[in-house]
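Just below is one structure, and these are the notes that go with it.
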Amino acid sequence: MSPTRSALRAARRARHLLRDRRGPLAPVATALLVVLGLLAVAPARVAADEPAPRTWVVDAVDDADGSRWESVDTGGNTITIRPGDTVEWRFDAAAMEHDLTSEDVRSPWSEPVREYRVPGDPPVRRTFTEPGTYHYVCSLHGTVMWGVVVVEEAANALPTGTATASPDHGPAPLEVELTADVTDPDGDPLTHHWDFGDGDPEAPGGSAWTPHAVHTYTAPGTYTAVLTVDDGNGGVFRQELVVTVGADPGGLPDVHAHADHAPGATAPLPVAFTTEVGTAGSFTAYADGVDTFPDLSGTARLVRSRGRTLAALDVTGLAPEAAHQVHVHEQPCTSATRGGAHFRFDEGRPFAEENEVWLPFTSDASGASGEVVVAQPVRAGAKAVSIVIHDPVNPALRIGCADLVPSTADLDYAWDFGDGHTGTGPDPNHTYTSPGTRTATVTVTAPGGESTAASVDVVVLPDTVAPRTTLRGGPTGTVRARNARFRLSSDEPGRFRCRLDAGRWRDCAATPTFGGLRDGPHVLRVRAVDRAGNVDPSPAVRRWRVDTRGPAVARLRPVGGTRDRTPLVRARVVDRWSAVRARSVVLRVDGRRVAGRYDARRDVVRWQARKALPPGRHRVRLVVRDALGNATVRTWTFRVRR
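If you want the working numbering, it's the 1-based position in the sequence shown plus 1109.
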């Protein structure tokens, strides 16, 4: 407490004591008044110590993190100032248009603010003279772009913050989550109280004493939930939240089933199904347009399907030849926020045209829009519930609105594909494996149990085209391996049939392996079979030979005894499956390699001694290898007689 305030309180106490001049405390009171008189000059000095009024800057910021109000001083969207201070909202950091709209959530603004700016426009300035908590938003992007100006006295700081109700509208019964986010600058402990506004707050269930509460509104109507937060020192935060509970509109949106598949339509046929869901509404003069455009009327519709959202409108009763901004919004026309913020396909991404549904148009000379149709390549969620038209002169004002009904929230999609299989969701995929006409039906059910159905026929033609088989890998020519592994493929999904040599046709894998193959020729035939049972009439064929044995060596000469001192050494060499080359023939006589001659045409190895061999026993060793490396070794002896 300031010295001046302490002195004033003491003076009031002293005057009270002096009312009875004969009382025992009269002398004390007189002395006290003298001292306080000396302090009378204090107010001028204290006033001089009070901070001078200042200007606080708040920027409208659009960047990769989204759209927001950001204080230059605090870095957030809440600033605490003193009476006499000025707040200046700037738009130099903005990348798109914004409006600045005051909201009497906590403290009423002395003069409402409803200004529209594009990037680079002059700032908006407002000087605050009365303590209070003043809320403001950009109504175009209200879900993320709101701010608070807290004007506090120098004494006890008021609790500051905000409160939310989610959802704040919907059909009865409506369960609403009420959340308080309030703090006290002085660190005082806070007491929270919620009055739900739909009955006696003293009755059980009529109120709550917690920062977070959940309450169900059972009857249609407009309710005001009041949050009161007390810091125990006279500081009170109070915020009212309007909850609009409507009668359950019942009914279901317009539903159609569609099937998309490749040309040809033969089994197996992959099909992309979609449930086309249509909602519609009528435009009326609304909010700021009730007085300025009383004849405003028209139609609106929104159609959701796989990978596409189509929005359309046709409006009359507008200003002639004027450009109008129009957007799909995430709250109904009847909500307290007049449609709320723009609907976004992805709420994790910033507000931008590619993430929203915009339907801008310029009216003709009669004030009509004509039919306006736009499409976005994304299926809109259930939050796309209204279309709002903005004033052509001041887009911060909303002049027309159409609710898109019925609601598409919490719809259940159950598919019967007509072939014994089922699916869920608005856009399932399914593959038909056999020919025939199939009727696919989607049943759409609302949370209350009401349902509707839509069907689409899919004609799957019989597949009469045989697949083509490809055989890769595995042996070719002549090989030593007794095992063979191949890779099979087909231009259609299906299976394979294999036949090895003279065996029977059998089912085989796409990578068949054959083991224990005998020496000699082999042939593998493979034919693909598609899912329709068509068989490749021209099987893929692979021929090869297995050779694991060395060449056959026979008719060895000479053997036994001979009187010829220069005998002819001779052997017959035959290999059935592999060639024998001269360099692969090694002949040794008595351990010495000799230059034997290999005649491939006659399959004969010959060697004639040029010098006479001495009498006695002689040893011949012949090594023959075929082209695969298979070797045969033969050894024999003969005797030269005297």
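Ideal placement from N, C-alpha and C gives every residue a C-beta, glycine not left out.
- With a cutoff of 9 Å on beta-carbon distance, Arg1636 and Pro1621 are scored as not near each other.
- Contact annotation: Asp1208 and Ala1493 have beta-carbon atoms that are not nearer than 9 Å.
- Along the length of the segment 1315-1391, whole beta strand (DSSP E) runs at least 3 residues long occupy 1321-1326, 1330-1339, 1345-1355, 1363-1370, reported in chain order.
- If you check the CB distance, Trp1303 and Ala1266 do not come in under 9 Å.
- Taking C-alpha positions only, Gly1557 is separated from Pro1280 by approximately 11 Å.
- For Thr1401, the enclosing alpha helix (DSSP H) starts and ends at 1398-1401.
- Residues Pro1724 of the same chain have their beta carbon placed closer than 6 Å to that of Arg1751, with the five preceding and five following residues left out of the count.
- Between the segment 1722-1739 and the segment 1683-1698, the count of C-beta pairs closer than 8 Å reaches three or more; the two stretches touch.
- Separation of Asn1186 and Arg1177 (C-alpha to C-alpha, rounded to the nearest whole angstrom) is 8 Å.
- Asp1363 and Phe1402 have their C-alpha atoms some 31 Å from each other.
- In this structure the segment 1194-1201 lies against the segment 1227-1246, because at least three pairs of beta carbons, one per stretch, are closer than 8 Å.
- Per the C-alpha coordinates, the member of Trp1614, Thr1675, Asp1645, Val1713 positioned closest to Ala1661 is Val1713.
- Using a 10 angstroms sphere on the CB of Leu1677, the tally of other CB atoms stays under 16, which defines it as exposed.
- Excluding residues up to 5 positions away in sequence, Leu1696, Trp1716 lie with their Cβ nearer than 6 Å to the Cβ of Val1703 in the same chain.
- Spanning the alpha carbons of Ser1516 and Met1205 requires a straight line of approximately 30 Å.
- Our two residues, Ser1475 and Val1565, have alpha carbons roughly 43 Å apart in a direct line.
- Taken in chain order, the complete beta strand (DSSP E) segments of 3 or more residues contained in the segment 1156-1214 are 1164-1172, 1175-1180, 1187-1190, 1195-1199, 1207-1212.
- Nearest neighbour of Arg1651 by Cα position, chosen from Tyr1395, Gly1586, Arg1613, Arg1706, turns out to be Gly1586.
- A contact is defined here as three or more CB-CB pairs under 8 Å, and the segment 1664-1680 fails this definition with respect to the segment 1618-1633.
- In this structure, Pro1379 keeps its C-beta atom at 9 Å or more from the C-beta atom of Asn1592.
- By the Cβ test, the segment 1281-1293 is not in contact with the segment 1367-1385, since fewer than three Cβ pairs between them sit closer than 8 Å.
- Contact annotation: Pro1501 and Ala1428 have beta-carbon atoms nearer than 9 Å.
- Leu1405 has its alpha-carbon roughly 26 Å from the corresponding atom of Arg1413.
- Per the DSSP secondary-structure output, Gln1485 pairs in a beta bridge with Thr1418.
- Excluding sequence positions up to five before and after Pro1221, its CB lies within less than 6 Å of the CB of Ser1211, all in the same chain and listed in chain order.
- Counting of Cβ neighbours within 10 angstroms places Asp1309 among the exposed residues, the total staying below 16.
- Contact annotation: Pro1486 and Arg1417 have beta-carbon atoms nearer than 9 Å.
- In the three-state reduction of the DSSP assignment, Leu1513 falls in the coil class.
- Excluding residues up to 5 positions away in sequence, Thr1273, His1321 lie with their Cβ nearer than 6 Å to the Cβ of Thr1288 in the same chain.
- Closest by C-alpha distance to Thr1327, out of Arg1191, Gly1479, Val1352, is Val1352.
- Setting aside the 5 residues that flank it on each side, Leu1361 is surrounded in the same chain by Pro1515, Val1553, Ala1555, Glu1559, Thr1561, each with a C-beta closer than 7 Å to its C-beta; the list follows chain order.
- Secondary structure note for Glu1286: its beta strand (DSSP E) is the uninterrupted segment 1283-1292.
- CA-CA distance, Asp1400 to Gly1509, rounds to 11 Å.
- With contacts defined as CB atoms closer than 9 Å, Gly1479 and Asp1423 qualify as a contacting pair.
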